[in-house]
Amino acid sequence: MGKELLSALKTAFKADDVDWDDWHWQLASRITDVKALESLPGCLRPEPGDVEAGLLYPMLATPFYLSLAESLSAGDPVMRQCLPCHMELDGAGDDPFCEMEASPVPRLVHRYHDRALFLACGSCAVHCRHCMRKRIWGSQMGAPGDDELGLCVDYLGRHPEIREVLVSGGDPLTLEDEDIGRIVSAFASVPGIEMLRIGSRTLAAMPQRYTERLCRILGNAGCTVWLASHFNHPQELSPEAGEAVLRLMRHGVPVVNQTVLLKGVNDDAGILGRLFTGLLRMRIKPYYLFHGDPVGGTTCFRTGIEAGRRIMGELRGKISGLALPAFAFDLPEGGGKVRLEPDLFAGYAEDGAPMFLKHDGMPVEYR
Ligand code: SF4
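Written out as structure tokens, the structure reads:
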């Protein structure tokens, strides 16, 4: 964003630099109505359908996240991800992955053999319009009580095949340090748990959250903690996020990123190439590029399957292999994740030498 717009935002929110750098201030100042932005330069008035979508799926965004926009218009990729839009009124089902059917105790989902998902809370720093869990927006699900954590710990203890817990939500890092400490200590105390993965959008939307204290809590959890960040567009790669990654790394917390392929936001090889290489420069490994899920209120963001295949094909061989994530789908009805990798094996030459396809599609014999 231009300095002019950043300064206009700070003035509109009456924020000084101390406020701006304080995650509690960012959280308390989240924008819940586009009307709050109407006085700012370039902000368009919402259409009646957009207002209706905002009533069904409320807007929520930290001032910092808005500051990543180039302009406050609906076409900006940052604004497109947080402004309510009439196209979200699509009427699709809201839990096609049947998460709730795979929930043996409240907040815990056990769908994969060696992993479990824990829903830490219902709140977020930003309401991503493409979110697959829009159904829990506004659910008022706060931090887990010790009794709820106890039930989860008990279940995990009875299932030694579970080695990893994915802590998600909502966004777990909107919780207070004390609550995060309770959660990670509880799961780390289960003998079979080797690793926790915390899924959070805050590195993009509220990097101020990564204080020394939080990074120390994550680094000293008692088992390995990974952070799974969620960046979808190069505009979201801020210097503040880069500094937060360095703090995490100093405490031994590695970071991987999950991106969602979003029509009109990042369905372009140039944009995703800049995102993935930018993530690597920030020391974040691009892990997954997800095809958009068939979830209510999000179908307007879905591309056809071919778009992702084409983009990954264009990127392969053009950017570092380290920068390439796996292109993946979450199958409905609890079918789990599948990765879509190209089959580059091209059979055998006459003399029996195996052949492979190069990045330009031409076969080459391997001897
Ligand atoms: S932060 Fe995560 S849970 Fe919250 S709206 Fe965004 S994608 Fe959904």
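Everything in the sequence shown is counted per my numbering, starting at 64 for the first residue and increasing by one.
Backbone N, C-alpha and C define an ideal beta-carbon position, used for all residues, glycine too.
Just so you know, these numbers come straight off a predicted model, no measurement behind them.
So residue i and residue j are supposed to be a Cβ contact under 8 Å. How far apart are they, rounded?
i	j	result
E117	P147	With the sequence shown as reference, residue 117 is identified as Gly, and Glu is not the correct amino acid for it. At roughly 3 Å, the Cβ-Cβ gap stays under 8 Å, so G117 and P147 are in contact.
L229	P169	The pair is not a contact, with the Cβ atoms about 16 Å apart (cut-off 8 Å).
L90	A179	No, L90 and A179 are not in contact; Cβ-Cβ is about 27 Å, not under 8 Å.
P54	L352	Here the chain covers residues 64 to 430 and nothing more, so residue 54 does not appear.
V22	V288	Since the displayed the chain opens at 64 and closes at 430, residue 22 lies outside it and no answer follows.
V319	Y350	4 Å
R379	H422	6 Å
L182	S136	About 34 Å; that fails the 8 Å criterion.
G376	P405	7 Å
L82	Q271	According to the sequence as given, residue 82 is Asp; it is not Leu. That pair is no contact at about 10 Å.
T340	A386	5 Å
V172	Q298	Between Q298 and V172 the Cβ distance is about 32 Å, and since that is not below 8 Å, they are no contact.
L259	A251	7 Å
G208	L152	With 8 Å as the limit, G208 and L152 do not qualify as a contact, their Cβ atoms being about 36 Å apart.
I256	C286	6 Å
H149	E115	7 Å
S166	D234	Going by Cβ atoms, the distance from S166 to D234 rounds to 19 Å, so no, they are not a contact pair.
Does the beta-carbon of residue i, which I'm using as the reference point, lie nearer than 6 Å to any heavy atom of ligand 1?
i	result
C191	yes
C194	yes
D234	yes
C187	yes
R93	no
R264	yes
For this session: Would you check if the region 322 to 336 and the region 204 to 224 touch, i.e. whether three or more CB-CB distances between them fall below 8 Å?
Result: no
Point to revise | Minimum length 4: unbroken alpha helix (DSSP H) runs contained in the region 341 to 385 | key: 368 to 378
Can you check the region 264 to 305 for any alpha helix (DSSP H) of at least 4 residues that lies completely inside it and give the ranges in chain order? 265 to 268 and 275 to 282
Item to complete: Examine the Cβ distances between the region 289 to 302 and the region 91 to 108 and report whether three or more of them are shorter than 8 Å.
Response: no
Along the chain, which unbroken stretches of the alpha helix (DSSP H) at least 4 residues long are found entirely within the region 157 to 222? 209 to 220
**Report entry** Segment contact flag, the region 297 to 317 with the region 264 to 271, C-beta cutoff 8 Å, min 3 pairs
**Finding:** They touch, by the three-pair rule.
* Between the region 179 to 193 and the region 358 to 371, are three or more C-beta pairs nearer than 8 Å? -> yes
Taking one C-beta from the region 394 to 403 and one from the region 416 to 430 each time, how about it: are there three or more such pairs within less than 8 Å?
At 8 Å Cβ cutoff, the stretches do not touch.
inquiry  = I want to know whether the region 323 to 330 touches the region 216 to 234 - three or more CB-CB distances under 8 Å.
reply    = no
Is it true that the region 118 to 130 meets the region 75 to 89, where meeting means three or more beta-carbon pairs spaced less than 8 Å apart?
Per the Cβ contact rule, the region 118 to 130 is in contact with the region 75 to 89 (3 or more Cβ pairs under 8 Å).
*Using 8 Å as the threshold, is the region 245 to 261 in touch with the region 271 to 278, meaning 3 or more CB pairs across them?*
no
Taking the runs of the alpha helix (DSSP H) that are 4 residues or longer, which of them lie wholly in the region 236 to 261?
The DSSP assignment places complete alpha helix (DSSP H) segments of no fewer than 4 residues inside the region 236 to 261 at 240 to 251, in order along the chain.
Could you tell me which uninterrupted beta strand (DSSP E) segments, each at least 3 residues in length, are contained entirely in the region 82 to 124, listed from first to last along the chain?
None, since the region 82 to 124 contains no complete beta strand (DSSP E) of that length.
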